[in-house]
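Quick notes on the structure that follows.
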Amino acid sequence: MLDAARGIVRRDLLLALRRRTDIATALLFFVVVASLFPLGIGAEPNLLRAIAPGVIWVAALLSTLLSLARLFAADHADGTLEQLALGAAPLGVVVAAKSFAHWLLSGLPLVLIAPLIALQYDLPQPLYGVLALSLLLGTPVLSMVGAIGAALTLGIRGGGVLLALLVLPLYVPVLIMGAGSVEMAAAGLDPGGQLLILGALLVFSAAFAPWAIAAALRISLE
Amino acid sequence: MLEAAQLECERGGRSLFKSLSFTLEPGEALRVAGANGRGKTSLLRILCGLLPPAQGEVRWKGTPIRALKEEFSRELVYLGHAPAVKEDLTAAENLAIACRLAGNPQPDDAVAEALAQLGLAGVNQQVRKMSQGQRRRAALARLALSASVPLWLLDEPFSALDAGGINALRGLICKHLECGGAVAFTTHQDPGMGAAKLVDLDA
């Protein structure tokens, strides 16, 4: 079972390596969106510092969304998804591995590059750690919850827009807690509460999302 | 071994077939015939459990496959219409990962030998650069490594193959049947294999 999960992660990473533009697009999108706000609002340092956590988190949400549409589409089109559903490992384990690979390719780069964007917004340095930690806890939730939406909208015409409408509202708690933790820390308060809730969301979605994704995929495959 | 009881299939509100019952025993080949749109693919998908039948059930060694889930999946190889090979990987990489996911991991030399059996020896390019027939062969190479899996369900395995490919595939199927495996496949044309049980969806 774990062997199959490892196999899936390795395969998805290998596929991404052969098609590097896909990862670069999502990451570049994140950087561009986050960089547009200072241009539009003006370079008032206090204002930028105040909006930084929210802007970075919203950009992370949108960037994740961009890569979600491809999560199952290719496997669906070439018949690999049927083979995954008929594999030796339960489909829940397989999709958990796929979500993990998706996070490695789309969430983790955001965590790593976020401090650079924070620098652009002149966020005080002690907040970088909180920002990165909140993204580290939050982006896997985005991947897993997003994967449920991607599985439900698989093979539907105009699925991309539907996916956004379906998934973005579900991202709201993560957004509030993620951006909130950085704002708390900026105000000199303890961000522990928000981070713990993010952690709880992560544990909750890790436990239940894979089975929801598997059920949605089975419906899409019928 | 495999038993279909009173199967009914509905697609898009239209009934494709009704009260379809048959059994498949070790060493038997079952050919599913019928015109386009008669539900050949649907029948195979029902047999492997991807599609729940509108009525009836499929049993494996007496137990409904819905109750068996992965235990049943491990006992079968299903090759569908889509070749299930990744365009960005080579044939060998595709085959290795497919076997691994099926719970049947294979060493590199076994993978190379299976590809050679299907006439893909030394083809190290990515699948995107291969022809349709070569892709088909890359997908079918999995059968050469699946002798220990009792049930093969093949959807149009002979399509896009040249004479050499058809011979290689026929050889694999015959060997599997001799070893006590069971094969169900769909095809338009008569594959020239004797002793095949026939389910004709036109009838």
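Protein chains in written order, with the working numbering: chain A, 1 to 222; chain B, 223 to 425. Positions of the beta carbon are idealized from the N, C-alpha and C atoms, including for glycine. Because the structure is a prediction, the values reported are computed rather than measured.
Annotation for S143 of chain A: the continuous alpha helix (DSSP H) segment containing it runs P126 to L152. Considering only A:G149, A:L135, A:W211 and A:G159, the residue with the shortest C-alpha distance to A179 of chain A is A:L135. The C-beta distance from G355 of chain B to L383 of chain B rounds to 6 Å, short enough to meet the 8 Å contact threshold.
Interface with chain B (8 Å Cβ-Cβ cutoff): L123 of chain A is excluded.
Judged by DSSP in its simplified three-state form, T21 of chain A adopts helix. From the beta-carbon of R296 of chain B, the residues of chain A found nearer than 7 Å are A88. Note on geometry: alpha-carbon atoms of I395 of chain B and R18 of chain A lie some 35 Å from one another.
S241 of chain B carries a strand assignment under DSSP once its states are collapsed to helix, strand and coil. The three-state reading of DSSP puts E378 of chain B in coil, since its state is none of H, G, I, E or B. Taking a C-beta distance under 8 Å as the contact criterion, C321 of chain B and L86 of chain A do not qualify as a contact pair. A227 of chain B: member of the beta strand (DSSP E) spanning L224 to R233, first to last residue. Taking C-alpha positions only, A313 of chain B is separated from A336 of chain B by approximately 11 Å. Look at Q277 of chain B here: in three-state DSSP terms it is strand. If you look at Y300 of chain B, you'll find it in the beta strand (DSSP E) that goes L298 to L301.
Taking the Cα of A363 of chain B as reference, the smallest distance to any Cα among B:Y300, B:G259 and B:D424 is reached at B:Y300.
DSSP, reduced to helix, strand and coil, places Q339 of chain B within a helical segment of the structure shown. Here DSSP, grouped into helix, strand and coil, assigns L36 of chain A to helix.
Short of 7 Å from the beta carbon of R70 of chain A, and not among the five residues preceding or following it, lie these beta carbons of its own chain, in chain order: D22.
Per DSSP, V95 of chain A is one residue of the alpha helix (DSSP H) stretching across L91 to H102. Annotated three-state conformation of Q194 of chain A is helix, per DSSP.
At a cut-off of 8 Å between C-beta atoms, P305 of chain B counts as an interface residue with respect to chain A. Checking the DSSP bridge columns, you'll see D422 of chain B partnered with B:A255. Per DSSP, the continuous alpha helix (DSSP H) segment holding T80 of chain A begins and ends at T80 to A85.
T312 of chain B is bridged by DSSP to B:Q348. Judged by DSSP in its simplified three-state form, A404 of chain B adopts strand. Under the criterion of beta carbons closer than 8 Å, G92 of chain A and L323 of chain B do not qualify as touching, at roughly 14 Å. Annotation for A366 of chain B: the continuous alpha helix (DSSP H) segment containing it runs Q354 to A366. In summary, the residues of the region 318-345 of chain B whose CB is separated from some CB of chain A by less than 8 Å are I319, A320, R322, L323, A324, G325, N326 and P327, in the order they occur in the chain.
Those residues of the region 272-298 of chain B placed with their C-beta closer than 8 Å to a C-beta in chain A are L272, L273, P274, K291, E292, S295, R296 and L298, ordered along the chain.
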